[in-house]
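Worksheet: one structure, shown below.
2 protein chains.
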Amino acid sequence: MTQPDAPIPRIVILGCGFGGLWAAQHLRKAHAKVTVVDRTNYHLFTPLLYQVATAGLSAPDIAGPIRHILADQRNTTVLMGNVESIDVAARKVKLADGGEVEYDSLIVATGATHSYFGHDAWAPYAPGLKTLDDALEIRSRVLLAFERAEREGDAAKRAAWLTFVVVGAGATGVELAGTLAEIARQTLKGEFRNYDPRNARVVLVEGADRVLPPYPPELSEKARIQLERLGVTVWLGKRVTGVDAEGVTMGDERLESKTVLWAAGVASSPLGASLGAPLDRTGRVKVEPDLSVPGHEEIFVVGDLAAVEGVPGIAPAAKQMGRHAAKNILARLAGRATQPFRYRDYGQLATIGRKSAVADFGRVKLWGFPAWFVWLWAHIYFLINFRNRLAVMIDWAWSYWTFQRYSRIVTKRTW
Amino acid sequence: MTQPDAPIPRIVILGCGFGGLWAAQHLRKAHAKVTVVDRTNYHLFTPLLYQVATAGLSAPDIAGPIRHILADQRNTTVLMGNVESIDVAARKVKLADGGEVEYDSLIVATGATHSYFGHDAWAPYAPGLKTLDDALEIRSRVLLAFERAEREGDAAKRAAWLTFVVVGAGATGVELAGTLAEIARQTLKGEFRNYDPRNARVVLVEGADRVLPPYPPELSEKARIQLERLGVTVWLGKRVTGVDAEGVTMGDERLESKTVLWAAGVASSPLGASLGAPLDRTGRVKVEPDLSVPGHEEIFVVGDLAAVEGVPGIAPAAKQMGRHAAKNILARLAGRATQPFRYRDYGQLATIGRKSAVADFGRVKLWGFPAWFVWLWAHIYFLINFRNRLAVMIDWAWSYWTFQRYSRIVTKRTW
């Protein structure tokens, strides 16, 4: 029951990815002052980020302004800013550009980034794919490599510009490799005079013995076959031991390449550490069954930053956790007990390229065109607002029939 | 007549804006080796650049990959690169990243950029609008100013974040100012909790005594009235004497503003000077009546870099010049005399905002909704390819009915 003369509780949400946004929306009608803090001004539909990186979609197609999404939610304030630290004793969040936000309840949903397994020196030579800036950087490098090859007279140097290495064969790596092969074989066909882009090499390097390790082995095998059919060279059981401006080293082996993309490690947001809670190997916060932080029942961690047994780091899991944390906060405010989080597994999907994908729904497993069809509609359906959904459908219909990719523009020069 | 055993003539085109692209397309069937060099990989529809800057369109909506546009033109090679210099004696173009391109005939179409009238120190505080990078920089500054204001507690500081100054009331300045006023009054309405964005100030500063100086005075007056109706403060007869991080100085007057946009001076591409030909005050090449360079009948200059009496620096003029230079090169190769360039004036159009524009077709002058309607269809019609045209129509239809601007995402942080 709400007591009219009690102070209005302040709920602060850090990060507006799937976890943070779903939490905020669940608090729509709460008698509370909700504040959402994000370092960007948009909510990003990360499952399609690889499409921005490979010029199939434009950045605004997959990003919606947070304050527009939450505009009608009158109890909610949106602040753009970097969180510097959390003072759990004083219940305050400190922002990097000055200013503090006080909370009574806190949801930390700042996610994860990519990690180079302690080799941060590799970062400039092998960009990862976690943010919109990452995607635009990758797009720029890929398109510029083909441009540079057209101007290169030396055959060995040209081959290095036309060799693309993707490190890591999880969902992102598979998506990137498959799409790069498509670009070389289809999109750019007939556009160069000094070489044939169909001779470009796309090499997918994976340390494990199969692609898509979290999937059932038979789907990994289907995915590998589809990748090779698209023209991707799949190297399994190879561990990268060095990355530099000229290529990749794997033990004794060397691959000359001017374009290396990193789709391997994951590292959690450093804010997890500032909570003083136990962390797992990748820096995720080991939360209580109700998603709260041990010793701080007013703080909840959701999404990729939360370590919960059996819950994968995918969008549907983050949404479920966000909603659950919001429910538990409302329960506490009403004087009721919090509930443990239970993950509902709807399966997982990974796309490989035009008409190729794999889907694991437990007993039902799909691959090839049927899996791709399910993937396509699921992703269009889940895109956050109608404008984006329509625009993405048009972009994709256009790409499908013409093999063209309409975002083939480079705005940052890197050579 | 083409002699089968003569060497194939090499025609090089520098710059692929309206002048360069129209020249290249006119050479489609020429018995020649055509090479197009541009520092970007796209042809840019510059008349709509202000829409990218104000988040109404995404960058790919107005940019088409040059090599895709010219893919079927088998006699044409596209090279992406910066031109470092032109050696007119040796008939060679030197590229910045290494490499040379030899020519028998040359078309220089590298255009113009903005100028700070000798005050280059103002550049970091007042970005201009000539390239896609400029547009994304402006978009980022404008959106971040509104974000920053939401976090600012001090009233005077907040007012500086909510004051937008546009310097120069030519077509670009008028378009920017009108659209900024619309964003503050309509697009962002109801999205902030700590201030009302409708209180933002947009000030358009012009040195002359009327807006749109190249237009007939009665249309300038109509444009000023429409701007003020949209909420723009128009300051005429004011010369900017200083720009810094905190605002703009005009003689004794001072305007505190964190966001100053530059739409004033024009400076020609520095390549003009390397031709050894006479230049006008703004650095444009004084060409012969046939658009060739005095003393170099094999070199032609077209578009914003060419000084031709009575020809304005607008897209239709550049297209006409590009086509004309290509015709004259073909005439020379066939042993015929070149023809003088004659400009066909189809009028000029400037948009101000939703349902506001001015159009000057000589005896016919339009303003308000009829001018805007003509402007809208002319611009959609002239967008270079079908995909873009359709996408732009959808984006605009969406914006028109919802007042939303779908590209409201910031990827570069500037504070």
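Protein sequence lines correspond, in order, to chains A and B.
My numbering puts the first residue of the first sequence at 857, with every later residue one more than the last.
My numbering puts the first residue of the second sequence at 857, with every later residue one more than the last.
Just so you know, even glycine gets a beta-carbon here, dropped at the ideal spot from N, CA and C.
Contacting residues, own chain, Cβ-Cβ under 8 Å from residue i (five flanking each side not counted)
{"i": "B/M1249", "result": "I1236"}
{"i": "A/A862", "result": "none"}
{"i": "B/E1077", "result": "R1066"}
{"i": "B/K1045", "result": "P1053, R1054, F1259"}
{"i": "B/A1171", "result": "F874, T902, P903, F1238"}
{"i": "A/Y1256", "result": "R1210"}
{"i": "A/A1001", "result": "W1017, L1018, F1020, K1114, T1115"}
Run of the alpha helix (DSSP H) containing residue i, from where it starts to where it stops
{"i": "A/F1225", "result": "1224 to 1238"}
{"i": "B/Q1195", "result": "That residue, B/Q1195, is in no alpha helix (DSSP H); it is neither H nor E in DSSP."}
{"i": "B/H882", "result": "874 to 882"}
{"i": "A/T1035", "result": "1027 to 1038"}
{"i": "A/H1152", "result": "Per DSSP, A/H1152 belongs to no alpha helix (DSSP H); it is in the beta strand (DSSP E), 1152 to 1157."}
{"i": "B/I1170", "result": "Per DSSP, B/I1170 belongs to no alpha helix (DSSP H) and is neither H nor E."}
{"i": "B/W1017", "result": "1011 to 1017"}
Residues near residue i by beta carbon distance below 6 Å, same chain, minus five either side
{"i": "B/M857", "result": "The predicted position of B/M857 is uncertain, since its pLDDT is 46 and thus under 50; a value taken from the coordinates is nonetheless stated next. Taken in chain order, the list of residues that qualify is empty."}
{"i": "B/V1230", "result": "A1215"}
{"i": "B/M936", "result": "N897"}
{"i": "A/A1027", "result": "A1206"}
{"i": "A/G954", "result": "none"}
{"i": "B/S1263", "result": "A911, S914"}
{"i": "B/W1223", "result": "K1078, V1214"}
{"i": "A/K1175", "result": "F874, W878"}
{"i": "B/I942", "result": "V949, S1130"}
{"i": "A/G1203", "result": "D1216, F1217"}
{"i": "A/G1098", "result": "T1105"}
{"i": "A/C872", "result": "V892, D894, H899, I922"}
CB contact flag (residue i, residue j, <8 Å)
{"i": "A/T1115", "j": "A/V1030", "result": "no"}
{"i": "B/G1132", "j": "B/F874", "result": "no"}
{"i": "A/F1156", "j": "A/I963", "result": "yes"}
{"i": "B/E958", "j": "B/R866", "result": "yes"}
{"i": "B/A1162", "j": "B/V1143", "result": "yes"}
{"i": "B/N931", "j": "B/V890", "result": "yes"}
{"i": "B/I994", "j": "B/A909", "result": "yes"}
{"i": "A/V1058", "j": "A/L1092", "result": "no"}
{"i": "A/R1025", "j": "A/L1060", "result": "First, the amino acid is wrong: residue 1025 of chain A is Ala here, not Arg. Yes. Within cutoff."}
{"i": "A/A965", "j": "A/L883", "result": "no"}
{"i": "B/I925", "j": "B/D894", "result": "no"}
{"i": "A/L1032", "j": "A/L1117", "result": "yes"}
{"i": "B/T1150", "j": "B/P1134", "result": "The sequence given here places Pro at residue 1150 of chain B; Thr does not occur at that position. Yes, Cβ-Cβ distance for B/P1150 and B/P1134 is below 8 Å."}
Neighbourhood of residue i by C-beta, 7 Å cutoff - its chain only, sequence neighbours within 5 removed
{"i": "B/G1034", "result": "L1083, L1086, V1088, I1208, G1209, S1212"}
{"i": "A/T1138", "result": "V1122, A1123, S1124"}
{"i": "A/H1180", "result": "L1147, F1197"}
{"i": "B/S815", "result": "The structure shown does not extend to residue 815 of chain B, since chain B is modelled only from 857 to 1271, so the question has no answer here."}
{"i": "B/D917", "result": "N1244, A1247, V1248, D1251"}
Unbroken beta strand (DSSP E) run spanning residue i, endpoints
{"i": "B/S961", "result": "961 to 964"}
{"i": "B/D990", "result": "No beta strand (DSSP E) holds B/D990; the alpha helix (DSSP H) holding it covers 988 to 1007."}
{"i": "B/K950", "result": "948 to 951"}
{"i": "A/S1076", "result": "Here A/S1076 belongs to no beta strand (DSSP E); instead the alpha helix (DSSP H) covers 1073 to 1086."}
{"i": "B/T1097", "result": "Careful: B/T1097 lies outside any beta strand (DSSP E) and carries neither H nor E."}
{"i": "B/I867", "result": "866 to 870"}
{"i": "A/K889", "result": "889 to 894"}
CB contact below 8 Å: residue i versus chain D
{"i": "A/L999", "result": "In the displayed structure, chain D is absent; the protein chains listed are A and B."}
- Task: Assess, as a yes-or-no matter, whether the segment 997 to 1015 of chain A is touched by the segment 869 to 887 of chain A under the definition of 3 or more beta carbon pairs within less than 8 Å.
- Result: The segment 869 to 887 of chain A makes no contact with the segment 997 to 1015 of chain A: fewer than 3 CB pairs, one atom from each, lie closer than 8 Å.
- Item | Members of the segment 980 to 993 of chain A that neighbour chain B once the beta carbon cut-off is set at 7 Å | Those would be L988, D989, L992, in chain order.
- Query: Looking at chain A, which residues of the segment 913 to 933 of chain B have a Cβ within less than 7 Å of any of its Cβ atoms?
  - Reply: Within the segment 913 to 933 of chain B, S914, A915, P916, A919, P921, R923, H924, A927, T933 place their CB atoms closer than 7 Å to a CB of chain A, listed in sequence order.
- Query: Any chance the segment 985 to 1001 of chain B sits against the segment 888 to 907 of chain B, with 3 or more Cβ pairs inside 8 Å?
  - Reply: Cβ pair count under 8 Å is three or more, so yes.
- Going along the segment 1053 to 1072 of chain A in order, which residues come within less than 9 Å of chain B, judged by CB to CB distance? Of all residues in the segment 1053 to 1072 of chain A, none has a Cβ within less than 9 Å of some Cβ in chain B.
- Message: For the segment 962 to 981 of chain B against the segment 1095 to 1110 of chain B, do three or more pairs of beta-carbon atoms, one drawn from each stretch, fall closer than 8 Å, so that the two count as touching?
- Response: Segments in contact, yes.
- Message: Three or more C-beta pairs under 8 Å: does that hold for the segment 1012 to 1027 of chain B against the segment 943 to 959 of chain A?
- Response: A contact between stretches requires three or more CB pairs, one per stretch, nearer than 8 Å, and the segment 1012 to 1027 of chain B fails this requirement with the segment 943 to 959 of chain A.
- Task: Below 9 Å between beta carbons is the criterion; list the residues of the segment 950 to 962 of chain B that meet it against any residue of chain A, in chain order.
- Result: Result list: L951, D953, G954, G955.
- Message: For the segment 1005 to 1037 of chain B, list every residue whose C-beta sits within 7 Å of some C-beta in chain A, in sequence order.
- Response: So the list reads E1006, R1007, given in the order they occur along the chain.
- Positions along the segment 1099 to 1126 of chain B whose CB lies within less than 7 Å of some CB in chain A: Under the 7 Å Cβ criterion, the segment 1099 to 1126 of chain B contributes no residue.
- Task: Give, in chain order, every residue of the segment 878 to 911 of chain A whose Cβ lies closer than 7 Å to some Cβ of chain B.
- Result: Answer in chain order: T896, N897, Y898.
- Residues of the segment 1197 to 1216 of chain A with Cβ closer than 7 Å to any Cβ of chain B, in chain order: Cβ contacts with chain B: none found.
- Where the segment 1126 to 1153 of chain B meets chain A: residues whose CB sits under 8 Å from a CB there: Interface annotation for the segment 1126 to 1153 of chain B against chain A: empty, criterion Cβ-Cβ distance under 8 Å.
- Message: Along the segment 1071 to 1091 of chain A, where does the CB come closer than 8 Å to a CB of chain B? Name the residues.
- Response: Residues of the segment 1071 to 1091 of chain A whose Cβ lies closer than 8 Å to any Cβ of chain B: none.
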